[in-house]
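Undergrad:
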Amino acid sequence: MKKITDISSLRNEVESWRQVGESVALVPTMGNLHKGHMNLFKLAHEHADRLIVSIFVNPTQFGPGDDYAEYPRTLDADARRLARCGADILFSPSAEEIYPEGCEQMTSVSVKRLSDMFCGVARPEHFEGVTSIVCRLFNIVAPDVAVFGQKDYQQLVILRRMVSDLHIPVKIITGQTQREKSGLAMSSRNQYLSKEEQKAAPTIYSALADCRKQLLVGRRDFLSLEAEGLDRLQAAGLDPEFFAICRAADLLPPDAGSERLVILTGARLGAARLIDNVLVEL
Numbered sequence: 001m002k003k004i005t006d007i008s009s010l011r012n013e014v015e016s017w018r019q020v021g022e023s024v025a026l027v028p029t030m031g032n033l034h035k036g037h038m039n040l041f042k043l044a045h046e047h048a049d050r051l052i053v054s055i056f057v058n059p060t061q062f063g064p065g066d067d068y069a070e071y072p073r074t075l076d077a078d079a080r081r082l083a084r085c086g087a088d089i090l091f092s093p094s095a096e097e098i099y100p101e102g103c104e105q106m107t108s109v110s111v112k113r114l115s116d117m118f119c120g121v122a123r124p125e126h127f128e129g130v131t132s133i134v135c136r137l138f139n140i141v142a143p144d145v146a147v148f149g150q151k152d153y154q155q156l157v158i159l160r161r162m163v164s165d166l167h168i169p170v171k172i173i174t175g176q177t178q179r180e181k182s183g184l185a186m187s188s189r190n191q192y193l194s195k196e197e198q199k200a201a202p203t204i205y206s207a208l209a210d211c212r213k214q215l216l217v218g219r220r221d222f223l224s225l226e227a228e229g230l231d232r233l234q235a236a237g238l239d240p241e242f243f244a245i246c247r248a249a250d251l252l253p254p255d256a257g258s259e260r261l262v263i264l265t266g267a268r269l270g271a272a273r274l275i276d277n278v279l280v281e282l
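Going by UniProt numbering, the first residue of the sequence shown is number 1, and it counts up by one from there.
1. DSSP three-state label for Thr29, please.
2. Entirely within the stretch 30–65 and at least 4 residues each: give me those alpha helix (DSSP H) ranges in chain order.
3. Using only CA atoms, which one of Cys103, Leu225, Ala122 lies nearest to Asp210?
4. Rounded to a whole number of angstroms, what is the C-alpha to C-alpha distance between Phe91 and Cys103?
5. Buried or exposed: where does Lys181 fall if 16 or more other Cβ atoms within 10 Å of its Cβ makes it buried?
6. Is the Cβ-Cβ distance between Ile245 and Pro254 less than 8 Å?
7. My assumption, with CB atoms under 8 Å, is that Ala272 sits in contact with Arg161. Please give the rounded CB distance.
8. Under 8 Å: do the stretch 55–66 and the stretch 5–17 share three or more Cβ pairs, one atom per stretch?
9. When you compare only the Cα positions, how much space is there between Lys213 and Lys35?
10. Determine, using beta-carbon pairs with one atom in the stretch 65–82 and one in the stretch 17–28, whether at least three such pairs fall under 8 Å.
11. Run through DSSP, which three-state label would Leu252 get?
12. Judging by CA-CA distance, which residue of Gly270, Tyr205, Gln61 is the nearest neighbour of Ser194?
13. Can you check whether the CB of Leu156 is closer than 8 Å to the CB of Thr174?
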């Protein structure tokens with residue numbers, strides 16, 4: 001595995017693969033890799049000849065009061081894990097390489113409406129930062145496929161819209177959410193949880209799963225189901241930001257004829273902000 005930090009060298013490597021007809025997968029990450037990431041890398045290997053993993057703690061997707069300074073940075077350990085899982089390149093650029101004119105003067109990419117709801121309410125700058133960095137990575141790497149986890153479902157819908165609207169020739173593939181034995185979705189931020197908080201956190205998934213069961217047996221009182229989900233999280237000691245039932249394709253409110261839904265939630269628990277979701281096929 002090669003470790004590359006500059007755009008020019010990365011493009012040269014990709015061009016050498018292109019010359020012999022090899023396809024390229026990109027998995028963008030912020031590092032602190034866990035088993036959930038390993039599943040994404042495995043999926044990427046199934047869809048392309050070559051795998052590039054980027055590790056970049058992107059400053060533009062963190063707002064005031066977010067955990068940018070505290071976000072775990074474990075590059076050496078991550079590099080060892082990537083070498084073992086067969087990545088071809090670890091791309092770990094500096095902020096100066098990605099934003100040579102600084103973040104204040106950067107060109108940004110914004111997806112309206114989708115970025116302003118749910119996670120976007122609590123973190124109004126977050127998704128613009130995400131789309132801006134992912135668009136840059138797509139331009140730098142020009143991958144055939146890019147792999148993202150289902151856990152960040154709102155982000156996934158936003159990135160699909162960006163790719164469609166900007167006519168970026170990349171196929172986005174979704175990796176299923178990987179969970180702890182308790183049901184808690186794997187996340188780099190789980191390490192912020194105390195032992196007591198680790199006991200309460202799985203309520204997030206159980207509330208989602210119970211809501212899905214209610215939908216599958218025919219309940220369609222969506223607002224009542226959402227309220228029940230919020231109450232369930234609050235009763236467990238979490239501070240929920242949202243618990244929403246939406247159309248899976250566009251995150252709009254469902255109607256009687258909706259057949260594919262997603263239930264999304266976000267909540268704070270101590271120092272951690274946790275998100276999760278489940279899909280529902282009616």
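All C-beta atoms, glycine included, are put in the ideal place defined by N, C-alpha and C.
Fair warning: this is a prediction, and the values are worked out from it, not measured in the lab.
TA: On the basis of the coordinates in this document:
1. Strand at Thr29.
2. 35–47
3. Leu225
4. 20 Å
5. exposed
6. yes
7. Their Cβ separation, rounded to whole angstroms, is 28 Å, which puts Ala272 and Arg161 out of contact at 8 Å.
8. no
9. Each residue's Cα considered, the two are about 27 Å apart.
10. Flag = no, the stretch 65–82 and the stretch 17–28 do not touch.
11. coil
12. Gly270
13. yes
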